[in-house]
Structures are given as structure tokens and as C-alpha cells.
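Sequential numbering of the sequence shown, starting at 83, is according to this note's numbering. Ideal Cβ positions, reconstructed from N, Cα and C, are used throughout, including at glycine. Since the structure is predicted, the reported quantities are computational estimates derived from the model, not experimental observations.
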Amino acid sequence: MNRVSVMVVTNQTSPYQVEFMDAVARSGLVDLRVVYLHSQRPGRHWRVPVIAHEHLVLDGDTQRLESARGWVQNADLVVMAYYQDAFAAELLRERVQTGRAWCFWGERPGVTRWAALGALYRRWKLRALHQSRAAIWGIGAFALERYRREFGAHRVYCNVPYFSDLSRFSRTPPPLTPALSPSDGERAAESRVRGGVHRTLLYSGSLIHRKGVDLLATAFARVAPTHPQLKLLVMGEGESQADMEARLSGVRERVEFVGFQDWEKLPAFYAQADALCAPSRHDGWALVVPEALASGLPVIGTDRMGAVLDLIQPGRNGWRVAAGQLEPLCRAIELVATLPAAELAGMAGAARQTAAGHSLESGVERFQRAVKASLPSRD
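Next up, the structure:
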């Protein structure tokens, strides 16, 4: 029996996207072709990865677009993972005209545009989706909730978030005394502080307002003076860095800015931390969350982040705080600073267990199930 042929149209050749598509192609479960609309987008500094699956990178080239048109005509299923691009619109229009199966794959809508205007914009740009029963793949339950509300129940919905190879973030946990009691844990934590061992909070991502870095800087500056063991490691760059530095001026000696780091260097920085703080006002998914969990880091995240809602169990592997709110963030950072060593170690173990269930292999299986659900029955 021939394999199902699947064509994915997506935005750019990010290392994460390429890695996931490589894994899908390598599995042999589907015959995969991917059209990348761009090799890089403004504001992204990743190295262009080696791509091991059949693909086209359009980058505005009309000759490559002609090749993509052939693919869009012949695939059993076309997965549209981007729509705000003229070439993407052309490919979608041609696919709809064939009358063959297609689906849409995306993060939660309604983030970057005013709510009412954004809904009108999507109704126009995605009118083919509104007028069809095409399946929708949401990047997490956070996305699916909004898509169901906006596009109705008369279609198949699948939860297909981002996946990457988390094994590179695994590290050997620190040795623990097997029969550590709570009181022993408290004494161990005190011993670490007296011995000069710090609690390091990591931030990884763009330094922009949407990511909540202003709140992070304000919260850390408020909490740190009464917790001398607390440090902040900031990985990333962006327009808000000067504002962060100003807010952190009173505790600047306990903050390290390391700038943008390429993909392969990330695990080494996660390994320096005890917890991740991701205080985004909104994030459709946030790959930093599963990366931190795989590194054994409990996560402080907000209730407007897809990965936090899907993966974080408050009090077990991290904490959820209200997006855009300073006081809950301060309380969560204080918990990281004061949590007994034994409890922090237990949360680290729970974090790794959660990440184990979000492996690249499980992502490939979920992709395959979504493909099957999105195709007409072959019975």
C-alpha cells in the first residue's frame, strides 16, 4: 500500500521546524514534502540548518513557486501552517480549487492584532477555512479552544504542538540522600546558601514587551535584596534590554546578560540554572518550556502560554501565574529562592518526567494521527 503523501507549507527554516519535519520524514509513516516560504525572517538569527527531507525554500522565487504548485496539486493532504504571505495564499487557493483534502495548522489566533479587527482580518484571509470543513491542527489546547470558538464545531480538531529533540537538554541530576526528610532538606538548603551556592533563575527568549521582561526585571529587583542567594541569567536580545538593565540597576551584580545564543549552545545555559521564568503576556506555545523541563528546571509561566497550560502542573513541575500581573510573579520568584533543596529536587524530577512524555517520537506519532484524522475515510 502506498504511503500517504503530505505537503506542509510553513513560514521559515527554524531549527525546531526543520528538526521536527526531518523526524516525520525519517519515520517513513508518510511521504513528506515541505515548502518553506522563507529561509529566515527579520529578527531571527538562527543558523540555517541542514535539511534532510524533501523541501523547497521559496524566498520570493517565482520559479520555485511553480515547483511548489506541482506539489500542491498532487499531495494527498496539504497542511497550511502559515497564511500571512502572498505565496502561501496562492498555494492555498490552488489547493482549494482541486477539491482535495487540506488542513490548517497554527498557534492560537488573536495575539498580534486588536481582537475585533483581528477576527475580521482572519475571516477574510482564512475565508477558505470558514467556507470548508477542513481540519484544524491547534498548537496546544490553548489554540484549539479559540479555534473551536471562531471556526465552529463542524470539523476535525487535532492537538499538534511543537516538538523538538529534548534529549540534548537532559543532564545528570545532582546526587541526593535517599532518605532526606523535610527538616534535612531545609538544613541542606541553608548549607548551600552558606556555602555560596546560588539559586539561578533563567530567562530565555526575546527581550520584548510581549515576553513580559519588564515584569521579570521589576519582580527580580523587588525580591532579590532579601534573598542574597538569588541570581538571574538572561539569554536573548531585543529592544527592551536597556529598560531591563535600568530596572535591575539596584541588583545588577547578580544579573548576567549573555545575549543571543545559537541553538546548539542552549543546553549549556539551561544547565547553569535552577528554574526558568517565562512571564509572557502571550505565547502561542513557547518551546522554552519543554526545554526547561527536559533540563530538570521547574518553570514559572503564565496562563496565556500554550506550553504552560498543556505541560505545567502547578506545585509539581512549576508554577502558573496570571499574565501581566506583577505580584503573583514576585511570589513565584520568592518560592524559587526559598524552596527547600529536597522539594526543588523533587520538582526537577517531575519536570524531567513531563518532558519524557513530550519527546520528538511522540510528536511524530501525533503528526501521523492528525494526518489520518484529516483525510477522508479510505474504507
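How big is the Cα-Cα spacing for glutamine 94 and glutamate 172?
In the sequence shown, the residue the question calls residue 94 occupies position 12. In the sequence shown, the residue the question calls residue 172 occupies position 90. Each residue's alpha carbon lies about 17 Å from the other.
Determine the contact status of aspartate 365 and glycine 388, defining contact as a CB-CB distance below 8 Å.
As a working note, residue 365 is residue 283 in the sequence shown. As a working note, residue 388 is residue 306 in the sequence shown. Yes, Cβ-Cβ distance for aspartate 365 and glycine 388 is below 8 Å.
Where in the region 268 to 349 do unbroken runs of the beta strand (DSSP E), each at least 3 residues long, occur, reported from the N-terminal end onward?
Qualifying beta strand (DSSP E) stretches, in chain order: 281 to 286, 312 to 317 and 337 to 341.
Mapping DSSP to helix, strand and coil, what is arginine 190?
On the sequence shown, residue 190 is found 108 positions in, with the first residue counted as 1. The answer is coil: DSSP assigns arginine 190 none of H, G, I, E or B.
Between the CA atoms of valine 116 and leucine 138 - distance to the nearest angstrom:
For the purposes of this step, residue 138 is taken as the residue at position 56 of the sequence shown. For the purposes of this step, residue 116 is taken as the residue at position 34 of the sequence shown. The alpha-carbon of leucine 138 is positioned some 7 Å away from that of valine 116.
So if DSSP puts asparagine 241 in a beta bridge, which residue, or which two residues, is it bridged to?
Here residue 241 refers to the residue found at position 159 of the sequence shown. The partner list for asparagine 241 (beta bridge, DSSP) reads Gly220.
Could you check whether the region 322 to 342 touches the region 396 to 411, counting it as contact only if at least three pairs of C-beta atoms, one from each stretch, sit closer than 8 Å?
Under the three-pair Cβ rule at 8 Å, the region 322 to 342 does not count as touching the region 396 to 411.
How would you call leucine 199, buried or exposed, if buried means at least 16 neighbouring beta carbons within 10 angstroms?
On the sequence shown, residue 199 is found 117 positions in, with the first residue counted as 1. Burial call: exposed.
First and last residue of the uninterrupted alpha helix (DSSP H) at glutamine 155
What you label residue 155 is simply residue 73 of the sequence shown in a count that begins at 1. Per DSSP, glutamine 155 belongs to the alpha helix (DSSP H) from 144 to 156.
I'd like to check one pair, leucine 408 with leucine 297: are the Cβ atoms closer than 8 Å?
Counting from one through the sequence shown, the residue named residue 297 turns up at place 215. Counting from one through the sequence shown, the residue named residue 408 turns up at place 326. Between leucine 297 and leucine 408, the CB-CB gap stays under 8 Å.
Is alanine 235 helix, strand or coil when you go by DSSP?
For this step, residue 235 is matched to residue 153 along the sequence shown. If DSSP states are grouped into helix, strand and coil, alanine 235 belongs with coil.
Any idea which residues DSSP pairs histidine 137 with across the strands?
Counting from 1 along the sequence shown, the entry for residue 137 is found at position 55. Partner residues in the beta bridge of histidine 137, as assigned by DSSP, are Val116.
Run the CB neighbour count on glutamine 99, radius 10 Å, all protein chains shown included, and call it buried at 16 or more, exposed below.
Locating residue 99 in the sequence shown gives position 17, where the first residue counts as 1. Glutamine 99 sits buried, since 16 or more C-beta atoms from the chains shown fall within 10 Å of its C-beta.
Relative to the C-alpha of alanine 414, which candidate in Asp113, His280 and Cys359 has its C-alpha closest?
The count along the sequence shown starts at 1 and reaches residue 414 at position 332. Of the candidates Asp113, His280 and Cys359, the residue whose Cα lies closest to the Cα of alanine 414 is Cys359.
Look up tryptophan 128 in the DSSP assignment and say whether it is helix, strand or coil.
As a first step, residue 128 must be located in the sequence shown, where it is residue number 46. Shown here, tryptophan 128 sits in coil according to DSSP, grouped into three states, outside any helix or strand.
Histidine 440 versus Leu393, Glu189 and Lys207, residue with shortest Cα-Cα distance:
The count along the sequence shown starts at 1 and reaches residue 440 at position 358. Checking every option, the nearest Cα to that of histidine 440 belongs to Leu393.
What are the partner residues of cysteine 412, as DSSP defines its beta bridges?
On the sequence shown, position 330 is the one that residue 412 refers to. Cysteine 412 pairs with nothing; no bridge assigned.
Using 10 angstroms around the beta-carbon of tryptophan 367, count the other beta-carbons present and answer buried if the total reaches 16, otherwise exposed.
Residue mapping note: residue 367 aligns to position 285 of the sequence shown, counting from 1. The residue in question, tryptophan 367, is buried, as its Cβ has 16 or more Cβ neighbours within 10 Å.
Where arginine 304 and leucine 330 are concerned, what is the direct C-alpha to C-alpha distance, given to the nearest angstrom?
For the purposes of this step, residue 304 is identified with residue 222 of the sequence shown, where counting begins at 1. For the purposes of this step, residue 330 is identified with residue 248 of the sequence shown, where counting begins at 1. Using only the alpha carbons, I get a separation of about 9 Å.
Counting pairs of beta carbons, one from the region 180 to 188 and one from the region 101 to 108, are three or more of them closer than 8 Å?
With the cut-off at 8 Å, the region 180 to 188 and the region 101 to 108 do not touch.
Only counting the same chain, and skipping five residues up and downstream in sequence, which positions put a Cβ closer than 7 Å to that of aspartate 247?
Numbered from its first residue, the sequence shown carries residue 247 at position 165. In chain order, Glu101 and Leu442 place their CB closer than 7 Å to the CB of aspartate 247, counting only its own chain and leaving out the 5 sequence neighbours on each side.
Mapping the DSSP letters down to three states, classify alanine 452 as helix, strand or coil.
Position 370 of the sequence shown, counting from 1, holds the residue named residue 452. Looking at alanine 452 - three-state DSSP - the assignment turns out to be helix.
Per DSSP, what kind of secondary structure is valine 371 in: helix, strand or coil?
For this step, residue 371 is matched to residue 289 along the sequence shown. In the displayed model, valine 371 falls within a helix according to three-state DSSP.
Status (buried if at least 16 other CB within 10 Å, exposed otherwise) for proline 307
Here the question's residue 307 lines up with position 225 in the sequence shown. Its Cβ having fewer than 16 others within 10 Å, proline 307 is exposed.
Looking at the secondary structure, which residues open and close the alpha helix (DSSP H) in which leucine 173 lies?
Here residue 173 is taken as the residue at index 91 of the sequence shown, counted from 1. Leucine 173: member of the alpha helix (DSSP H) spanning 168 to 180, first to last residue.
Report the rounded CA-to-CA distance for arginine 129 versus serine 96, giving the unit in angstroms.
Residue numbering aside, residue 129 sits at position 47 when the sequence shown is read from its first letter. Residue numbering aside, residue 96 sits at position 14 when the sequence shown is read from its first letter. Straight-line Cα distance between these residues: approximately 8 Å.
Burial state of arginine 209 (16 or more Cβ within 10 Å)
Taking the sequence shown and counting its residues from 1, one reaches residue 209 at position 127. Arginine 209 comes out exposed.
Put valine 86 into one of helix, strand or coil per three-state DSSP.
Working through the sequence shown from its first residue, we reach residue 86 at position 4. DSSP places valine 86 in coil when its eight states are reduced to three.
If we ignore side chains and look at the alpha-carbon of each, how far apart do arginine 363 and alanine 419 end up?
In the sequence shown, counting from the first residue as 1, residue 363 sits at position 281. In the sequence shown, counting from the first residue as 1, residue 419 sits at position 337. Our two residues, arginine 363 and alanine 419, have alpha carbons roughly 23 Å apart in a direct line.
If I follow the unbroken beta strand (DSSP E) through alanine 360, where does it start and stop?
Within the sequence shown, residue 360 is the residue found at index 278, counting from 1. From DSSP, the beta strand (DSSP E) with alanine 360 extends over 357 to 360.
Does the beta-carbon of threonine 144 have 16 or more other beta-carbons within 10 angstroms, so that it is buried, or is it exposed?
Your numbering for residue 144 matches position 62 in the sequence shown. Exposed is the call here.
I'd like the span of the alpha helix (DSSP H) that includes methionine 429, first residue to last.
Locating residue 429 in the sequence shown gives position 347, where the first residue counts as 1. Segment 423 to 438, the alpha helix (DSSP H) holding methionine 429.
Can you name the start and end residues of the alpha helix (DSSP H) that arginine 108 belongs to?
The residue you call residue 108 lines up with position 26 of the sequence shown. Per DSSP, arginine 108 is one residue of the alpha helix (DSSP H) stretching across 97 to 109.
Contact set for leucine 211: own chain, Cβ-Cβ below 8 Å, skip 5 residues either direction:
Indexing the sequence shown from 1 puts residue 211 at position 129. Cβ neighbours of leucine 211 beyond the five flanking positions: Phe186, Ile218 and Phe233.
If we count the other Cβ atoms within 10 Å of its Cβ and call it buried at 16 or more, is threonine 384 buried or exposed?
For this step, residue 384 is matched to residue 302 along the sequence shown. When all chains shown are included, threonine 384 counts as buried.
What does the Cβ neighbour count give for serine 286, buried or exposed, with the cut at 16 atoms within 10 Å?
One-based indexing of the sequence shown puts residue 286 at position 204. Flag for serine 286 reads buried.
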